[in-house]
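Structure first, commentary second.
Number of protein chains: 2
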Amino acid sequence: MAKEIERKFLVSGKRWRHVADAGVTIRQGYLVAMDDRSLRVRTYGDGRSCLTLKIGKTALSRDEYEFDIDIGVATDMLRHAVGTVLEKVRYEVEHEGFTWEIDEYGGRYSGLVIAEVELDSEADLPEIPDWVGREVTGDDRYSNQVMALSAATTGPVDEPHPQSG
Amino acid sequence: MAKEIERKFLVSGKRWRHVADAGVTIRQGYLVAMDDRSLRVRTYGDGRSCLTLKIGKTALSRDEYEFDIDIGVATDMLRHAVGTVLEKVRYEVEHEGFTWEIDEYGGRYSGLVIAEVELDSEADLPEIPDWVGREVTGDDRYSNQVMALSAATTGPVDEPHPQSG
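Protein sequence lines, in the order shown, are assigned to chains A and B.
Each step along the first sequence adds one to the number in full-length UniProt numbering, with nothing skipped, and position 121 is 121.
Each step along the second sequence adds one to the number in full-length UniProt numbering, with nothing skipped, and position 21 is 21.
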């Protein structure tokens, strides 16, 4: 029943790779994707799996319930996902006291890299690493739920995401 | 990922009480209640709690995923239930090789008693106990999901359920 407060940014270039950990692959699908609640199933490359229920409309703060589940069950549940099963590799970077999660997408969203930082309160002001680009907190196009349900085949965004550097 | 095949009946009279176990109280709410999938949270009087995802449109056969969860978490989740949190006492009766579950409803559905028998296959023909009344398998009015979401305040049914005898 944790509250989830996070900020989300586009990632510019590849400099973040030098400070990131080895990363873990993630496959995730939405079994429920509604305006005010969602149920997500996620399998990790290291054998973990979880089921996550999020309830609440605001991006900055909502109720979240997460349960570890068996990976065989999780994989079976992914058959019932609505929309696309998203594929990404999640990396972590420690920066000035905050943990940044960097999601590098594969599949139909290949080329998209997003960084998120979780905050203890909305007043927290993390220092922004220099490989972090434009903030997209609250921009629904970068919501995994919207990305999974989107009918587009070229990606969630209408602008280029330079990955050089 | 079990398949759920069951038949449902109204219960006539009180004779079933003589063959039933002590029963356990159940409180349950729906966090998601859609046409083809539902997410139910249930707390039991004996301290257990579970989260159940059902996927599939047909009443006789659907995919069901159930997870034991912490009762404190489950109780918190009930705050987010859509519609009514149903209250009932569930009894079990063994009869001629089949286990019957009898749900005696409280709260706004007080007076309603439903019996269900789970089958290994749709070809199973359990002997019907004499305290079992009309079959309501597939009758949406007796679906817990419909009962929870119903706006009615007097009960799910348009006919009397005699509880004497």
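Glycine included, every Cβ here is placed at the ideal spot set by N, Cα and C.
Just so you know, these numbers come straight off a predicted model, no measurement behind them.
Beta-carbon proximity list for PHE98 (chain B), same chain, < 6 Å, skipping 5 on both sides: VAL117, PRO126.
For THR43 (chain B) and TYR105 (chain B), what's the separation of their Cα atoms in angstroms? Distance between the alpha carbons of THR43 (chain B) and TYR105 (chain B) is about 15 Å.
I'd like the list of long-range same chain contacts for ARG7 (chain B), defined as Cβ closer than 6 Å, with 5 residues on each side in sequence excluded. Correct list, in chain order: VAL117, THR137.
Uninterrupted beta strand (DSSP E) stretches inside the UniProt domain "CYTH" (2-149) of chain B (no shorter than 3 residues): Listed in chain order, they are 6-11, 24-33, 37-44, 49-55, 63-68, 82-95, 98-105, 113-118, 132-135.
Is the CB of VAL93 (chain B) under 7 Å away from at least one CB in chain A? No, because no Cβ of chain A sits closer than 7 Å to the Cβ of VAL93 (chain B).
Using a 10 Å radius around the Cβ and a threshold of 16 neighbouring Cβ atoms, would you call GLU79 (chain B) buried or exposed? The residue you asked about is not Glu; residue 79 (chain B) is Arg in the sequence shown. Exposed, because fewer than 16 other Cβ atoms sit within 10 Å of the Cβ of ARG79 (chain B).
Given ALA74 (chain B) as reference, the closest of B:GLU122, B:GLN28, B:TYR91 once Cα atoms are compared: Per the Cα distances, B:GLN28.
Does the distance from the CB of ALA115 (chain A) to the CB of ILE128 (chain A) come in under 7 Å? With respect to ILE128 (chain A), ALA115 (chain A) sits apart: the two C-beta atoms are not nearer than 7 Å.
Mind reading off the beta-carbon distance from VAL82 (chain B) to LEU149 (chain B)? Whole number of angstroms is fine, and I expect it under 8 Å. At roughly 7 Å, the Cβ-Cβ gap stays under 8 Å, so VAL82 (chain B) and LEU149 (chain B) are in contact.
Output yes or no for whether 7 Å exceeds the beta carbon distance between ASP140 (chain B) and VAL146 (chain B). Their beta carbons are under 7 Å apart, which means ASP140 (chain B) touches VAL146 (chain B) by this criterion.
So what does DSSP say about ALA151 (chain B), is it helix, strand or coil? Secondary structure at ALA151 (chain B): coil, using DSSP grouped into helix, strand and coil.
Between the UniProt domain "CYTH" (2-149) of chain A and chain B, which residues of the former have a C-beta closer than 8 Å to a C-beta of the latter? The UniProt domain "CYTH" (2-149) of chain A vs chain B, Cβ under 8 Å: LEU31, VAL32, MET34, ARG37, LEU39, LEU51, LEU53, ILE55, ASP63, TYR65, PHE67, ILE69, VAL73, ASP76, MET77, HIS80.
In angstroms, rounded to a whole number, what distance separates the CA positions of GLU66 (chain A) and GLY72 (chain B)? About 14 Å.
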